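To start, the structure under review is shown below, and the notes come after it.
Residue numbers (this note's numbering): -18 to 380.
Take a look at the structure:
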């Protein structure tokens, strides 16, 4: 596997050198743009972001010189897509808006679909899941109108992902597993990684189906390792670690979570560090280590990070502090989570915040009848939407 990855890297670097020597005429421009886009896609998969951004600057110059609006759309789409894992929120949004503008000027449904997907990503980065969901839905609709199955597969999974955060778990899972099928049909391993690990694993975990959550993330992890797409690994390791923890395999859970943090340090903490730190905070049995993990996790988030890191870190921070009986910290993280989603509140996070505060209230005063009544109603609401993973701690508190 490592040998194949090294061979791919050598191919990409050799190609990049060849592209740089091309003359700027109409025929050469066609060749440069076609080859360049292919190289950028490969670099993006292998997380070679600096090389990809440098090449995109050259491709933008060529596309602009020959007024290739469709190619300009792809340049801005790719640049925005790279800004996503780098945590460049403003850059991602700006680039995807430009991508949509050029796609419309070119009359290209395919490029417009990509740009809509990119705009969904840009709002997703900011935690604006409802707005992101609208863009992903528009993208899927456009794909279906024009038979763009490969783009539809990836964005159907993202429709599912954003539906998770509005507590539409059944719809989220349906979209996601359809996306898995489409990705397998189209032999799109990257889309399959996203659909299985970044989305299905989370949904199954929240629905309380731990075996399926582990299975989906394990398959996604295998694909990510095969492709050399390291930035996807910590997300899957975080879910698998928490499954192992809930199944009583604490030593394994700690090893998996530590591995996720280590890989995040190598591939970029802005992409998956928050999830990795959150999972480690949940599974560790060392109180001092937990405090260090939570402090470093907050530092990473404050430096700029993709939204799923904020959402899952705050969730796990509240959960780990509840388990430790650290009531002031529970409130602290509840306030941070509340502030993060204030611009566009999410039912998923609202439910987690309410749960954390009610469990903390009962932890401090088991005779608090108001908190007990409110927790009982919250349990009914969580059960109704299928958010089963948060029920056991509520049941224990009420018992």
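We put the beta carbon where it would ideally sit given N, CA and C, even for glycine.
Small disclaimer: the values here were computed from a predicted structure and weren't measured.
Cβ neighbour criterion (16 or more within 10 Å) applied to residue 48: To locate residue 48, count along the chain shown from 1; it is residue 67. Burial call: exposed.
Segment limits, alpha helix (DSSP H) that includes residue 82: Working through the chain shown from its first residue, we reach residue 82 at position 101. Per DSSP, residue 82 belongs to the alpha helix (DSSP H) from 70 to 87.
Contact under 8 Å by Cβ, residue 287 with residue 222: Taking the first residue of the chain shown as position 1, residue 287 is located at position 306. Taking the first residue of the chain shown as position 1, residue 222 is located at position 241. Result no, Cβ atoms of residue 287 and residue 222 do not sit closer than 8 Å.
Range covered by the alpha helix (DSSP H) that runs through residue 235: What you label residue 235 is simply residue 254 of the chain shown in a count that begins at 1. For residue 235, the enclosing alpha helix (DSSP H) has its first and last residue at 231 to 248.
Buried/exposed call for residue 128, threshold 16 Cβ in 10 Å: Position 147 of the chain shown, counting from 1, holds the residue named residue 128. Per the 10 Å Cβ criterion, exposed.
Three-way DSSP call (helix, strand, coil) for residue 139 in this model: The count along the chain shown starts at 1 and reaches residue 139 at position 158. Three-state result, residue 139: helix.
Inter-stretch contact (C-beta, 8 Å, three-pair minimum) for the segment 33 to 42 and the segment 73 to 85: no
CA-to-CA distance, residue 250 to residue 215, given in whole angstroms: Sequence index remark: in the chain shown, residue 215 carries index 234 (1-based). Sequence index remark: in the chain shown, residue 250 carries index 269 (1-based). Their Cα atoms are separated by approximately 10 Å.
Rounded C-alpha distance that separates residue 70 from residue 29: As a first step, residue 70 is located in the chain shown; it is residue number 89 there, counting from the start. As a first step, residue 29 is located in the chain shown; it is residue number 48 there, counting from the start. In a straight line, the C-alpha of residue 70 is about 19 Å away from that of residue 29.
Residue nearest to residue 72 in terms of C-alpha spacing, selected from 100, 50, 9: Position 91 of the chain shown, counted from the start, is the residue given in the question as residue 72. Looking at the Cα atoms, 100 is the closest of the given residues.
Per-residue DSSP class, three states only, for residue 228: Translated into the one-based positions of the chain shown, residue 228 becomes position 247. If DSSP states are grouped into helix, strand and coil, residue 228 belongs with coil.
DSSP three-state assignment for residue 52, whether helix, strand or coil: Within the chain shown, residue 52 is the residue found at index 71, counting from 1. Helix at residue 52.
Residue 273 and residue 108 closer than 8 Å at C-beta: To locate residue 273, count along the chain shown from 1; it is residue 292. To locate residue 108, count along the chain shown from 1; it is residue 127. No, they are not a contact pair.
Residue 366 versus residue 143: straight-line alpha-carbon distance, rounded: Within the chain shown, numbered from 1, the residue matching residue 366 stands at position 385. Within the chain shown, numbered from 1, the residue matching residue 143 stands at position 162. Those two C-alpha atoms are separated by around 15 Å.
Reference residue 126, options 93, 267, 140, closest by Cα: For the purposes of this step, residue 126 is identified with residue 145 of the chain shown, where counting begins at 1. Comparing Cα-Cα distances from residue 126 to each of 93, 267, 140, the minimum goes to 93.
Cα-Cα separation, residue 354 to residue 345: Residue numbering aside, residue 354 sits at position 373 when the chain shown is read from its first letter. Residue numbering aside, residue 345 sits at position 364 when the chain shown is read from its first letter. Spanning the two alpha carbons is a distance of roughly 16 Å.
DSSP three-state assignment for residue 310, whether helix, strand or coil: To locate residue 310, count along the chain shown from 1; it is residue 329. Residue 310 falls in the helix class under three-state DSSP.
Assumed close pair residue 156, residue 141 - CB separation to whole angstroms, cut-off 8 Å: Counted from its first residue, the chain shown places residue 156 at position 175. Counted from its first residue, the chain shown places residue 141 at position 160. About 4 Å separates the two Cβ atoms, so the contact holds.
DSSP state of residue 6 mapped onto helix, strand, coil: Here residue 6 is taken as the residue at index 25 of the chain shown, counted from 1. Residue state, collapsed to three classes: coil.
Alpha-carbon spacing of residue 104 relative to residue 46, whole angstroms: What you label residue 104 is simply residue 123 of the chain shown in a count that begins at 1. What you label residue 46 is simply residue 65 of the chain shown in a count that begins at 1. Distance between the alpha carbons of residue 104 and residue 46 is about 31 Å.
Residue span of the alpha helix (DSSP H) that contains residue 350, given as start and end: Taking the first residue of the chain shown as 1, we reach residue 350 at position 369. Counting along the chain, the alpha helix (DSSP H) containing residue 350 begins and ends at 350 to 366.
Residue 97 beta carbon less than 8 Å from that of residue 119: Within the chain shown, the letter at position 138 stands for residue 119. Within the chain shown, the letter at position 116 stands for residue 97. Against a cut-off of 8 Å, the Cβ pair of residue 97 and residue 119 comes out as a contact.
Closest by C-alpha distance to residue 303, when choosing among 315, 293, 292: Taking the first residue of the chain shown as position 1, residue 303 is located at position 322. When only C-alpha atoms are compared, the closest one is 315.
The segment 217 to 235 in contact with the segment 186 to 194 per 3-pair CB rule at 8 Å: Taking 8 Å as the limit for Cβ pairs, the verdict is that the segment 186 to 194 does touch the segment 217 to 235.
Neighbourhood of residue 241 by C-beta distance below 6 Å, restricted to the same chain and skipping five residues each side: Position 260 of the chain shown, counted from the start, is the residue given in the question as residue 241. Contacts found: 215, 218, 219, 257.
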